[in-house]
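All remarks here apply to the structure that follows.
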Amino acid sequence: MVDFFLGLLPHLLNGVALGLLFALLSLGFMLIIGVMEVINLAHGSLFALGAYFAVMLMGQDGGLPFAFMQAYYDLPAIPRYIIALIVAPALVAVVGMGLEICLRRTYGKDPLYGLLLTFGAALVLEEIIREIWGPAEYFLPLPKAIRGGFFFGDMIYSNYRIFAAVFAMAMIGLLWAFLNRTPYGAVIKAGAHDSEMVRVLGYNLSRLRLFVFAFGAALAAIAGIVMAPIWGVRPHVGVDAVIPAFVVIVLGGVGSFWGAVSAGLLVGMVVALTAAFLTEWSLLSMYLLLLVVVTFRSRGFAGKASALKA
Amino acid sequence: MDPQGIKNWFTAPMLVSFLVFGTMPFWIEAIGLYQYLGLEVMIWVIFALAVNLLLGYTGLPSFGHGAFLGIGAYAFGLTQFNVAANLWISLLGAVAVTAVLGGLVAAFISHRRGIYFALMTIACAQIFFFIASKWTDVTGGEDGLLNIARLPIDLGLAEISIKSNFNLYYLCFAAYVIIVAGMWRLVHSPFGKVISAIKQNDSRVAFLGYNVWLYKWLIFTLSCAVSGLAGALFAMAQEGAYINIMSLQWSGIVILIVLIGGGFISFWGPVLGVIFYFLARDILGAYTEAWLLWFGLTFMVMVMFKPEGLAGIWQDGQAMFGRRKAAVEPCPEPNHAGGD
C-alpha cells in the first residue's frame, strides 16, 4: 500500500506541474473573458504560438536560418532560455493585440460572433504554424540545469517537472501581486467587474482592452513555453490546450483567482493520473472531464451564476 | 396539388439550383473543371445544409459536426462489410447509426446553448475522433477503412452501376433534391418557426409552453442523420472512410463555409459557401499551398464586416438596384440567391 502511494508520487508531481500551468493558462483566459466578455477560442493557438516562438529562439532544428542569428545561437543555453521566456510571450502579446483589434467589431453584438471570430483565428493561426514550421513535432531544447532527473526512494523524478511547478507557482504569485497590489491591477479588476463604469471614470477602455488581451495572450504563451517539453510542440497542441482552460474556468468560476488555481490543480491531477495508468487515453480524459463538468456543474464549484452565459 | 401548394414546396431559387446542379456533369468539364469536383460539391452541400439547420436556423454552434460526417462514412462501410452489400441497407445503416449517436450526444447537450454548447460539441467530436483513431480493429485506425465499394443502385427489376463519378453524381443529386425539398418544408413548417424562435430567445419559447430541450434534441439528431447520409456518400466517393474528416479542422471548415455563404440569413447560404470553398480550393490552391490560410482570413474579415456572408452581399446588391427596398434582416427568409 505504501509502495503504491510512493509509486504515485512522481505522477502527483506531474499533476501539480500540469495543474499550475493550466492555472496560468486559464488566468489569462479568464482576464479576457472578464474585461471583453469574449470566449477566446484562439487562446490555445496563442499557447502553441508561444511554444513555437520559443523553439525558434532556442535554435537547433527550429531556429531561423539567418546568418545574423548564428551569433545568438552560439550563446549558452541558459541566457537563450531566459530570452525565449521573455521575447516569445512579448511576440505573442503583439499577435494578441492584433486579434483584439479584429474583435472590436464584435463587441456588443451576439456573443456568437466573438466565438466565430476567435474560432476562425484559431484555425488561421494553426495554418500559419503549419506553413512556417510544418506538421512535424518539435522538441524545445532545454538548458542542462533543468534537464534530467533524480532518484528519490525507488522512483525517478524529472527535474523539469519541478522547475515547471516552481516557475508556474512564481508566475501565479507575481500575477496575484500585480492584480492586487498595483493600481494597474485595480483598473483591470474594475474593468472585469464593470467595464462601462471604468470608462465613465475616465479610463481609456479601448486601451485597457488592448492591454488585457495582450497580457492574457502573453500568459498563454508562457504556459505554452513551459508546457512544450511536457506535451511536445505540434500545430494541433492549441486545441488540446483550450479545453483544460475552459474546464478550469467552469470549475473555478469566472472572476475567482484562487478558484482557477485550485481547479487547475484538480484538472492537472486528473490528466496526470490518467496519463500514468492509461497513457493512450490521457488527452481523452480532458474531454470527458469537460463533458462531466458542464453536464453536472456548469455553475462551477463556487456555485455562483456563471459569467459564461453566452 | 393547387398552385399555392406547389409554391409551398418549390421556389424559384430551388428550381434554379436543381437546374444548375442537375445539368452540371454535362458542362463542368467544358469550363475546365472535373467530374469528381461536382461530386464533392454535392456531398458538401448536403453536409453544410445539415450544419446550417443548427447554426443558422436554431442558433446552435456545433463546432464538431465533422465527427458525424465521419461516423456516417464508417457506418456505411461497416454495414456494407458486415450486414449486407446492398446500397439501400448500407445507406440506412449509416443514417441510423449517425442518428443514434447524434441523439445520444444531443441528450447530453440539448440543455445548453452558446459557448457551452459549442465546447460540448467539440468535446464530443474529439471523443469520437479518439475512439475512431484507437479502435483499430473496427475503424482501421489511422489507415482508415479501405475498399468501400460503390454498390449498384438496386431498383428491384434493374441495377444501375455507380462506379463512374457521373452516375454517382446523380445519386448524390437525387439525395440533394430530397434533402433540399424536405428541409425547405421543415424550416417553413410550424416546427421550423419554433426552432427559429429558439434562436432568437429560447427562454421566451419555453415560457410559451414549448419543450425547448426536445426541439433542440430533435433538430440536432436530424442534422446528424443528414450529416451521416453525406458521410455515406462521401465514403462512396472516396471509396474509403478516413479519420481526417472527423478532425476538428474539418468541423471548423464546414462552419467557415456556412458562414461565408451566408447561412445566418439565407437557406441558400451553405450552397453558395460550398461552391465558393471548392472554387477557392481549386483556383487559389493552384497558386499557393497556403490557400486554407487565405480562406480562414476571408472568414475572419467576413465575420467582422459582413456576417451575413455572400447571401448578404447578394441582398445588398439587390437593394442597391432597387429591386428590394428592405435592408438585410437577420431572419430566415429566402432570398433569390440561386445556386449559380
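Residue numbers (the working numbering), protein chains in the order written: chain A, 274 to 583; chain B, 2 to 341. We treat Cβ as the ideally placed atom computed from N, Cα and C, and that holds for glycine.
Where the beta strand (DSSP E) through residue i begins and ends
i	result
Gly-422 (chain A)	422-425
Boundaries (first-last residue) of the alpha helix (DSSP H) holding residue i
i	result
Ile-429 (chain A)	Unbroken run through Ile-429 (chain A) is the beta strand (DSSP E), 428-431; no alpha helix (DSSP H).
Asp-467 (chain A)	From DSSP, Asp-467 (chain A) is part of no alpha helix (DSSP H); its letter is neither H nor E.
Trp-28 (chain B)	13-28
Thr-342 (chain B)	With chain B running from 2 to 341 in the structure shown, residue 342 (chain B) is simply not present.
Tyr-211 (chain B)	Per DSSP, Tyr-211 (chain B) belongs to no alpha helix (DSSP H) and is neither H nor E.
Pro-414 (chain A)	Element bounds for Pro-414 (chain A): n/a, residue is neither H nor E.
Arg-480 (chain A)	478-504
Asn-202 (chain B)	Segment: none, Asn-202 (chain B) is in no alpha helix (DSSP H) and carries neither H nor E.
Glu-41 (chain B)	36-53
Phe-320 (chain A)	316-331
Pro-589 (chain A)	The displayed coordinates of chain A run from 274 to 583. Any statement about residue 589 (chain A) would go beyond what the structure contains.
Asn-313 (chain A)	Taken as a continuous stretch (DSSP letters only), Asn-313 (chain A) belongs to no alpha helix (DSSP H), as it is neither H nor E.
Interface residues of chain B facing residue i [CB-CB closer than 7 Å]
i	result
Thr-568 (chain A)	Phe-109
Val-512 (chain A)	Leu-249
Val-397 (chain A)	Leu-294, Gly-297, Leu-298, Met-301
Tyr-560 (chain A)	Ala-124, Gln-127, Ile-128
Phe-519 (chain A)	Leu-120
Leu-546 (chain A)	Within 7 Å Cβ-Cβ: nothing; Leu-546 (chain A) doesn't reach chain B, min ~18 Å.
Leu-557 (chain A)	Ile-128, Phe-131
Chain-ordered chain B contacts of residue i [CB-CB under 9 Å]
i	result
Tyr-386 (chain A)	Val-304, Met-305, Pro-308
Ile-378 (chain A)	The sequence shown places Arg at residue 378 (chain A), not Ile. By Cβ distance, chain B contributes Val-304, Met-305, Phe-306.
Ile-516 (chain A)	Leu-120, Ile-123, Ala-124, Gln-127
Leu-564 (chain A)	Phe-109, Ile-110, Met-121, Ala-124, Cys-125, Ile-128
Alpha carbon of residue i to alpha carbon of residue j, nearest angstrom
i	j	result
Phe-77 (chain B)	Gln-343 (chain A)	55 Å
Gly-292 (chain A)	Leu-539 (chain A)	7 Å
Trp-292 (chain B)	Ala-409 (chain A)	20 Å
Ala-85 (chain B)	Phe-412 (chain A)	48 Å
Tyr-117 (chain B)	Val-567 (chain A)	7 Å
Ile-261 (chain B)	Ala-496 (chain A)	33 Å
Ala-107 (chain B)	Ile-522 (chain A)	23 Å
Asn-9 (chain B)	Leu-20 (chain B)	19 Å
Leu-281 (chain A)	Val-275 (chain A)	10 Å
Phe-265 (chain B)	Asp-283 (chain B)	26 Å
Phe-320 (chain A)	Ile-305 (chain A)	14 Å
His-337 (chain B)	Gly-525 (chain A)	Confidence is the limiting factor: at His-337 (chain B) the pLDDT is only 46, short of 50, which leaves the residue's position unreliable, though a coordinate-based value still follows. When rounded, the distance between both Cα atoms is 49 Å.
Leu-322 (chain A)	Leu-398 (chain A)	8 Å
Pro-153 (chain B)	Glu-41 (chain B)	19 Å
Met-470 (chain A)	Gly-464 (chain A)	8 Å
Leu-61 (chain B)	Tyr-354 (chain A)	44 Å
Gly-71 (chain B)	Val-17 (chain B)	30 Å
Phe-235 (chain B)	Phe-277 (chain A)	50 Å
Phe-221 (chain B)	Ala-182 (chain B)	19 Å
Cys-332 (chain B)	Gly-323 (chain B)	Caution is warranted here: a pLDDT of 49 is assigned to Cys-332 (chain B), below 50, making its placement in the model unreliable, and the coordinate value is therefore given only provisionally. Whole-angstrom Cα-Cα distance: 20 Å.
Lys-582 (chain A)	Val-328 (chain A)	At Lys-582 (chain A), the pLDDT of 46 sits below 50, so the modelled position is not reliable; the number obtained from the coordinates is stated separately. When rounded, the distance between both Cα atoms is 37 Å.
Closest by C-alpha distance to residue i, when choosing among the options
i	options	result
Arg-186 (chain B)	B:Gly-263, B:Tyr-171, B:Phe-174, B:Phe-268	B:Phe-268
Leu-557 (chain A)	B:Gly-94, B:Val-17, B:Ala-126	B:Ala-126
Leu-448 (chain A)	A:Phe-530, A:Phe-277, A:Ala-394, A:Thr-552	A:Phe-530
Leu-209 (chain B)	B:Ile-199, B:Trp-218, B:Lys-217	B:Ile-199
Leu-551 (chain A)	B:Lys-135, B:Phe-130, B:Met-25, B:Leu-234	B:Lys-135
His-316 (chain A)	A:Ala-324, A:Val-308, A:Leu-298	A:Leu-298
Leu-215 (chain B)	B:Gln-201, B:Ala-13, B:Arg-205, B:Ile-196	B:Ile-196
Gly-57 (chain B)	B:Trp-218, B:Tyr-288, B:Gln-239, B:Gln-201	B:Gln-201
Met-237 (chain B)	B:Leu-280, B:Ser-162, B:Leu-158	B:Ser-162
Cys-173 (chain B)	B:Asn-87, B:Ala-231, B:Ala-226	B:Ala-231
Thr-391 (chain A)	B:Gly-297, B:Leu-16, B:Ala-95	B:Gly-297
Leu-146 (chain B)	B:Gly-104, B:Asn-168, B:Arg-205, B:Glu-240	B:Glu-240
His-112 (chain B)	B:Ala-95, B:Ile-29, B:Ala-97, B:Asn-212	B:Asn-212
Ala-74 (chain B)	B:Ala-13, B:Leu-34, B:Pro-308, B:Ile-246	B:Ile-246
Ile-359 (chain A)	A:Ser-479, A:Ala-324, A:Leu-563, A:Arg-377	A:Ala-324
Gly-67 (chain B)	B:Asp-144, B:Trp-218, B:Leu-156, B:Thr-122	B:Thr-122
Interface residues of chain A facing residue i [CB-CB closer than 9 Å]
i	result
Ala-119 (chain B)	Ile-312, Leu-314, Leu-385, Leu-388, Phe-392, Ala-583
Ala-291 (chain B)	Glu-400, Ile-401, Arg-403, Glu-404
Arg-282 (chain B)	Per Cβ cutoff of 9 Å: no residues; Arg-282 (chain B) is ~13 Å from chain A at best.
Partner residues on chain A for residue i, Cβ-Cβ distance less than 7 Å
i	result
Gly-253 (chain B)	Phe-392, Leu-396
Contact set between residue i and chain A, taken where Cβ atoms lie within less than 8 Å
i	result
Lys-135 (chain B)	Glu-553, Trp-554
Arg-205 (chain B)	Neighbours of Arg-205 (chain B) on chain A: none; closest Cβ ~16 Å, over 8 Å.
Ile-256 (chain B)	Leu-389, Phe-392
Leu-260 (chain B)	Leu-389
Arg-186 (chain B)	Ordered by position in chain A, no residue passes the 8 Å Cβ test against Arg-186 (chain B), which lies about 26 Å from the chain.
Task: Sequence ranges, alpha helix (DSSP H) only - wholly within the region 364-407 of chain A, length at least 4 - done: 384-406
Task: Whole runs of the alpha helix (DSSP H) within the region 220-288 of chain B, excluding any shorter than 4 residues - done: If only uninterrupted alpha helix (DSSP H) runs of at least 4 residues are considered, those enclosed by the region 220-288 of chain B are 249-262, 270-288.
TODO: Using a Cβ-Cβ cut-off of less than 9 Å, give me the residues of the region 59-71 of chain B that come near chain D, in sequence order.
DONE: Looking for chain D here will not work: the only protein chains present are A and B.
Open item on the list: Please give the ranges of any alpha helix (DSSP H) in the region 87-172 of chain B, keeping only runs that are unbroken, at least 4 residues long and fully inside the region.
Closed with: 88-110, 115-135, 137-140
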